[in-house]
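In the numbering used here, the protein residues as written are 57 to 203.
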């Protein structure tokens, strides 16, 4: 079913005849399916089992990791600029969050709002991909050490 859905989606998008259906499938239908999936999964959860101290700690630690990853990425880019002749835009440091691929686009929009001639999307995506590769390497090392 998944491969069939992907093939049908590509057929709708690429044939060019069904433009309205293609836009609906990409936007409204995708949002609706996400909402219904969230409601159906959420309705099966029991608050006493899900809303525990461990869950809140995990969510808090994850949020803290996002904040520190962004902040230290920017600070590290500023630190590296002390030693480089060709300076790096420090905003790129905020794109290293591997779990948040939209960070590159958000940083691009922020950079262009500041200076319309500033186009840093490709370096930002590169930093994001490097973060993803780093996460894979770190996870592999942890798996190798734990057995």
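We put the CB at the ideal spot given by N, CA and C, even for glycine. Keep in mind it's a predicted model, so treat the numbers as computed, not measured.
Integer-rounded CB distance, given that residue j should sit under 8 Å from residue i
i           : j           : result
residue 163 : residue 151 : 5 Å
residue 184 : residue 159 : 6 Å
residue 196 : residue 154 : With a Cβ gap of about 14 Å, residue 196 and residue 154 do not count as contacting.
residue 144 : residue 133 : 5 Å
First through last residue of the alpha helix (DSSP H) which encompasses residue i
i           : result
residue 181 : 177 to 202
residue 159 : 159 to 170
7 Å Cβ shell around residue i - same chain, five flanking residues per side excluded
i           : result
residue 78  : 68 and 69
residue 186 : 152
residue 188 : 154
residue 81  : 65 and 68
residue 97  : none
Whole-angstrom distance between residue j and residue i, CA atom to CA atom
i           : j           : result
residue 126 : residue 108 : 28 Å
residue 118 : residue 75  : 40 Å
residue 131 : residue 146 : 7 Å
residue 5   : residue 175 : Because the chain in this structure spans residues 57 to 203, residue 5 falls outside the shown range and cannot be described.
residue 104 : residue 114 : 16 Å
residue 203 : residue 193 : 15 Å
residue 116 : residue 110 : 10 Å
residue 129 : residue 63  : 39 Å
residue 156 : residue 73  : 34 Å
residue 95  : residue 198 : 34 Å
residue 59  : residue 102 : 32 Å
residue 166 : residue 177 : 11 Å
Residues near residue i by beta carbon distance below 6 Å, same chain, minus five either side
i           : result
residue 179 : 148
Quiz item: Residue ranges of each alpha helix (DSSP H) run of no fewer than 4 residues wholly in the stretch 67 to 134, ordered along the chain?
Solution: Correct list: 75 to 82, 84 to 99 and 103 to 106.
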